[in-house]
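As structure tokens, the structure follows; a few thoughts come after it.
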Amino acid sequence: MAPTRDSNVVKLAVEMRAMDSKPVPFLGEFSLQDPLAAFIEELCVHWKVEHPENFALQYTEPSVYYVTEKNRSKIKDGTVLHLVFSAGKTAEDILQKLRKTPEERKDALEKLVRMSSDPTFANEFIGKQGMNFLITCLETAKQESPLLPLILSSFLELMDHGIMSWDKLEQTFIERVAMYINSPSTIDVRTLNSSLTILENIVLNSQRKYTIVEKQVTIAKLLNHISSNKKGEIHQAVLALVNALIQKSEPQKKRYWSASLTSRQHRTIIYNNIVLMHNESTSSVSDLAHQLYVLEQLLLNQYEERMNTSMDVNDQDATEKIKELRKIAFESDGEVPSGITPRRPEYKKEYKKLGFKNDINPAQDFKDTPPGMLALDNMIYFARNHSDHYAKLVLENCYRADSHECPFGRASIELTKLLCEILKIGDVPTEQGQNYHPMFFSHDCMFEELFSICIVLLNKTWKEMKATTEDFSKVVSVVKEQIKRSIFKQPSTLDEFRKEINNLTYAGIAEIWRQERLNNEEQEMQAPPIKELRRALEPDILELIQQHRLRFLVEGTRFKIARGVRAKDKFRYCRLSPNHKFLHYDDCDEKSVPSLDELGKKISIADIKSVVTGKECPHMKEKAVKKNPVNLAFSVLLDSTGIGETTSVDFVAPDERTYNYWVDGLNALHRQTMPSPQTIADLEILLNMEIKLRLLDAEGVTIPSSPPPIPPPPPNYSFCYQLP
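All residue numbers for the sequence shown refer to our numbering, where the first residue is -19 and numbers rise by one.
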């Protein structure tokens, strides 16, 4: 038997990469319990190299990092390592080269970019005051210097480890980086990208330095890089900096940023160069989509304050807006002739026609938050900017019966609340979010325009549903579905959204819901527990179907006798006896329903040899009856005991249903499977109905695909509790 191998010992290979020469790789074993320094010293002895303290091990994959005491557990059997100069010596060498000729500086910076992602190297480099020297190099470098992109990239990589705080950066450094962004001349893409990312990190990670960045950059200069540069990574970096500035700014400044970004000049730059083109970007589409999502959410959140503001009875501006809604809807623009006293308007009646709950004081309708005052803002925007649609909507409801009016005021408040919910106004942007709405950037007042489209839709859906005031919540649920499904299709403009949502009628939503319900039921029926339940219920359901068929045979049926050469059209009535032992039959006329005693002929069920259908029936083989419906014919074959002859009683059913019931019933009498398609259909209907009834108590509960595991048995079975 082979000896047991120590699990702490791994087999690996080490290649010498510190020297110009490439000796034969070391193939051997390494104990994970031994110190790394001892193993490095062993390797140096193996290759006859001095000063083992200047060397270190480095992983080759998946990440090229130094091997340390903390990450040494990643060494497995078959691992290939490199023996390289230690992080401390490498950092010292780079710093020395940075003080020499431009050519050596460039080589050192290229190596610094590669090494900066390693946390071990970053600690050594920053510990040797390398960051201060790098900042000095940045401040003295010329804007056109080829070293500038390398300096900025290295700086970003080193700061990413969190070893040095962003608060320690001086104002001169921040102003220097901002100068690259504000420069009117063409600048290297790598320099611009790194500069934007550095300022973004300063804004997000240093509250004290945020004001410096805010003073150095403007929306116009940032968006200029979007319109003048087609690189997706630049677009992403610009949006990331803009989002950071909005997130960290004070409320007043935040409103200024938002107003500036939603202005037509700036919004059009984002819409034309990013929203419509980002799918063709060479950078990561998901990163760009995330920044657009964050920007949209931040701009939408500017409505949060109004959404959570309740109506103040002393707010004169809000009171005037309510009065203006009434005037636009009911008062004409014509002047009153002199000498005629205008009638006193019936404000209460008009406010009621506008659909306010409180027709005496409509301001009370805006007390609830959300949507608060945002609903009133939307209503007055719609009335002022879409006065024709507003007047038409109000007048249409004036001519309807009171119970069928679509209350504009109540509907507007509920719709505003619904839009806030769908657009998630007030939510903090998530780090993984990527779903944004392209149409949001296509209009200066997107939220208000969206409301204007949807309030017209709500009135249209109200008419389609022939709704009353009691159906208000049902109409809102349909409108919610229409809005969500239309937005999900990602329309690029509000016109596209309007077209999509108008095509999605109430009938279309009802059909979609019906189809989804059927699909959900079908999926539920395929679950293993449901299949098992079906198998358990099937015998009882088949027994029920069989009893139905036999009761049908007991009631009896009038059959038409097949038309032959010597016989005229006649009818035959047949019944099954209540004890299910005999078939009674006899000729009859077209209208009679003879009783069991009036049927003079009978067949014992025990004498029935078999039941045949279609072309197998004896009366269907004769040429004279070839015009008879073969698919409705069946025959009972009899075995005449003692004579040795087989005779038959032939039937032609009046319709397919009767044919199926009789064939099923006759087979059931002989304990055979009922063969008709009607049996399969009835079985499916009754099974589904029974399962749905049994699952009523499990409404809303997800049925698992597999049963939960059976818990282990208890340690003992002493469950009896004895009172003291």
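Just so you know, even glycine gets a beta-carbon here, dropped at the ideal spot from N, CA and C. None of the values given here were measured: they were computed from a predicted structure.
Asked, Found
"With distances taken between CB atoms, is the gap from Leu618 to Leu517 smaller than 8 angstroms?", "no"
"So, is Ala586 buried or exposed, given that buried needs 16 or more other C-beta atoms within 10 angstroms?", "exposed"
"Per DSSP, which residues does Thr537 bridge with? Please list them.", "Cys554"
"Please confirm whether Ile525 and Asp662 have their CB atoms less than 8 angstroms apart.", "yes"
"Among the residues of its own chain, which have a CB less than 7 angstroms from the CB of Ser685, if the five just before and after it don't count?", "Ala507, Pro508"
"Should Pro409 and Leu279 be called a contact, given that it needs their Cβ atoms to be closer than 8 angstroms?", "no"
"For Gly68, which option in Arg94, Tyr45, Lys108 has the closest C-alpha, if you only look at C-alpha atoms?", "Lys108"
"According to DSSP, what are the bridge partners of Lys(-9)?", "Glu9"
"Give the secondary structure of Val274 by DSSP, where H, G and I count as helix, E and B as strand, and everything else as coil.", "helix"
"For Ile718 and Pro351, which I take to be in contact (beta-carbon distance under 8 angstroms), what is that distance rounded to the nearest angstrom?", "As displayed, the chain neither begins before -19 nor continues past 704, which places residue 718 out of reach and without an answer."
"Which two residues bound the contiguous beta strand (DSSP E) that contains Ser590?", "588 to 593"
"Would the beta-carbon of Leu305 fall within 8 angstroms of that of Met353?", "no"
"With DSSP as the reference, label Thr321 as helix, strand or coil.", "Unreliable positioning characterises Thr321 in this predicted model, as indicated by a pLDDT of 42, which lies under 50. The coordinate reading is nonetheless provided below. Three-state DSSP puts Thr321 in coil, outside helix and strand."
"So is Glu428 buried or exposed if we call it buried at 16+ other beta carbons inside 10 Å?", "buried"
"Are Leu63 and Ala(-2) closer than 8 angstroms when you measure CB to CB?", "yes"
"Find out if the Cβ-Cβ distance for the pair Ser174, Leu225 is shorter than 8 angstroms.", "no"
"Of the residues Lys672, Tyr361, Val573, Thr242, which one's Cα is nearest the Cα of Glu504?", "Lys672"
"Is DSSP giving Ile340 helix, strand or coil here?", "coil"
"So, using beta-carbon positions, are Leu(-8) and Thr59 closer together than 8 angstroms?", "yes"
"Tell me where the beta strand (DSSP E) around Ser43 begins and ends.", "Ser43 -> no beta strand (DSSP E), and no H or E assigned at all."
"Under 8 angstroms by Cβ, that's how I've got His205 and Leu172 pegged, so tell me the actual separation to the nearest angstrom.", "7 angstroms"
"For the structure I just gave you, are there three or more beta carbon pairs, one from the segment 142 to 155 and one from the segment 185 to 194, closer than 8 angstroms?", "yes"
"If you follow the alpha helix (DSSP H) that Cys434 is part of, which residue opens it and which one closes it?", "426 to 445"
"Residue range of the alpha helix (DSSP H) that Val458 falls in?", "452 to 468"
"Applying the 10 Å Cβ sphere with the 16-neighbour rule, what's the burial state of Met257?", "exposed"
"Suppose the cutoff is 6 angstroms on Cβ atoms and the five residues either side in sequence are ignored; what does the same chain contact list for Pro574 look like?", "Tyr553, Cys568"
"Apart from the five residues just before and just after Thr349, which ones in its own chain have a Cβ nearer than 8 angstroms to its Cβ?", "Met287, Asn288, Thr289, Ser290"
"I'd like to check one pair, Leu221 with Leu241: are the Cβ atoms closer than 8 angstroms?", "no"
"Just to confirm, are Ile131 and Val157 a CB contact at a threshold of 8 angstroms?", "no"
"Taking the C-alpha atoms as reference points, what is the distance between Glu(-5) and Phe35?", "13 angstroms"
"For a quick check, are the C-beta atoms of Glu670 and Ile510 less than 8 angstroms apart?", "no"
"What does DSSP give as the partner residues of Val616 in its beta bridges?", "Val591, Val629"
"Using 8 angstroms for Cβ pairs, my map puts Phe562 next to Val591. What's the rounded Cβ distance?", "That pair is no contact at about 16 angstroms."
"Report the rounded CA-to-CA distance for Glu330 versus Glu401, giving the unit in angstroms.", "30 angstroms"
"Is the distance from the Cβ of Leu219 to the Cβ of Tyr416 below 8 angstroms?", "no"
"Helix, strand or coil: how does DSSP classify Pro691 here?", "coil"
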